[in-house]
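**Student:** I am attaching a structure below and will ask some questions about it afterwards.
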Amino acid sequence: MGLFDTVELYDDVHLPEYPEGITPAEDVDWQTKGIGRPTMTTFRITADGHLFEEEWHTEAVPPEDRPYASRDDVDEEDLLYMAGCRNRVHDGWIERDDYHGRFELTHSFENLDTLVTYRVTFTHGQLEGFERRR
1 MGLFDTVELY DDVHLPEYPE GITPAEDVDW QTKGIGRPTM TTFRITADGH LFEEEWHTEA
61 VPPEDRPYAS RDDVDEEDLL YMAGCRNRVH DGWIERDDYH GRFELTHSFE NLDTLVTYRV
121 TFTHGQLEGF ERRR
């Protein structure tokens with residue numbers, strides 16, 4: 001497992017050949033590794049076919065608010081001491097109106113035997129469409 005980005009779909013974004021009886025596509029956190037270098041950020045595809053990228057920064061979390069730093073069996077040299085030392089803060093959304101290319105969206109549904117995959121095509125910042133791959 002490596003880094004990936006999350007893609008959210010707005011309501012009214014239609015995925016062709018979407019499996020019946022599973023979570024609606026707009027309620028799924030889709031994963032991709034294909035929009036540049038993955039940085040664990042979030043993208044959104046809007047109903048009118050635009051791509052947005054989340055802007056964010058991180059802030060330090062004091063040791064007393066970290067999940068393990070205050071435990072008696074964890075000291076400052078322990079890797080667990082650093083767990084949760086940064087908090088991600090949402091700054092807004094920027095439109096990726098320059099994005100031109102293809103990437104894949106994937107999600108593994110518990111009640112299906114396959115990974116659901118779509119190829120997404122954008123031309124100069126505008127969604128051209130989705131193609132079901134698996």
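Number 60 in UniProt numbering belongs to position 60 of the sequence shown; there are no gaps in the numbering.
In this text, a Cβ means the ideal position worked out from N, Cα and C, and glycines have one as well.
With Leu-51 as the anchor, note down where its alpha helix (DSSP H) starts and where it stops.
**Tutor:** Counted from its first residue, the sequence shown places residue 51 at position 51. No alpha helix (DSSP H) contains Leu-51, which is instead part of the beta strand (DSSP E) from 51-60.
**Student:** Which residues bound the beta strand (DSSP E) around Leu-105?
**Tutor:** Looking up residue 105 in the sequence shown gives position 105. Segment 101-108, the beta strand (DSSP E) holding Leu-105.
**Student:** Under the assumption that Ile-45 contacts Leu-127 (Cβ atoms under 8 angstroms), give the Cβ distance between them as a whole number of angstroms.
**Tutor:** In the sequence shown, counting from the first residue as 1, residue 45 sits at position 45. In the sequence shown, counting from the first residue as 1, residue 127 sits at position 127. Yes, Ile-45 and Leu-127 are in contact; Cβ-Cβ is about 6 angstroms, under 8 angstroms.
**Student:** Looking only at its own chain, which residues have a Cβ that is under 8 angstroms from the Cβ of Thr-23, when we skip the five neighbours before and after it?
**Tutor:** As a working mapping, residue 23 is identified with position 23 in the sequence shown. These residues qualify, in order along the chain: Phe-109.
**Student:** Return the chain-ordered list of same chain residues with a C-beta closer than 6 angstroms to the C-beta of Arg-88, the five sequence neighbours on each side being excluded.
**Tutor:** Taking the first residue of the sequence shown as 1, we reach residue 88 at position 88. Cβ within range, chain order: Trp-56 and Thr-58.
**Student:** The alpha helix (DSSP H) that contains Tyr-10, what's its start and end?
**Tutor:** For the purposes of this step, residue 10 is taken as the residue at position 10 of the sequence shown. Taken as a continuous stretch (DSSP letters only), Tyr-10 belongs to no alpha helix (DSSP H), as it is neither H nor E.
**Student:** Indicate the three-state DSSP secondary structure (helix, strand or coil) for Glu-17 in the structure shown.
**Tutor:** Residue mapping note: residue 17 aligns to position 17 of the sequence shown, counting from 1. Note: Glu-17 maps to coil in three-state DSSP.
**Student:** Within this structure, are the beta carbons of His-124 and His-107 separated by less than 8 angstroms?
**Tutor:** Numbered from its first residue, the sequence shown carries residue 124 at position 124. Numbered from its first residue, the sequence shown carries residue 107 at position 107. In this structure, His-107 does not lie closer than 8 angstroms to His-124 by Cβ.
**Student:** What is the residue span of the beta strand (DSSP E) that Leu-112 lies within?
**Tutor:** In the sequence shown, residue 112 corresponds to position 112, counting from 1. Careful: Leu-112 lies outside any beta strand (DSSP E) and carries neither H nor E.
**Student:** Please list the terminal residues of the continuous beta strand (DSSP E) segment that includes Leu-127.
**Tutor:** The residue you call residue 127 lines up with position 127 of the sequence shown. First-last of the beta strand (DSSP E) with Leu-127: 126-132.
**Student:** Helix or strand or just coil, what does DSSP make of Gln-5?
**Tutor:** The count along the sequence shown starts at 1 and reaches residue 5 at position 5. The sequence given here places Asp at residue 5; Gln does not occur at that position. Of the three classes helix, strand and coil, the one that applies to Asp-5 here is strand, per DSSP.
**Student:** Can you tell me which of the three DSSP states Asp-65 falls into?
**Tutor:** Taking the sequence shown and counting its residues from 1, one reaches residue 65 at position 65. Reduced to three states, the DSSP call for Asp-65 is helix.
**Student:** Judging by CA-CA distance, which residue of Gly-84, Pro-38, Arg-37 and Glu-95 is the nearest neighbour of Ala-60?
**Tutor:** On the sequence shown, position 60 is the one that residue 60 refers to. Taking only the C-alpha atoms, the option nearest Ala-60 is Gly-84.
**Student:** Which residues does DSSP pair with Arg-44 in a beta bridge?
**Tutor:** Counting from one through the sequence shown, the residue named residue 44 turns up at place 44. Answer is Glu-8 and Phe-52, bridged to Arg-44.
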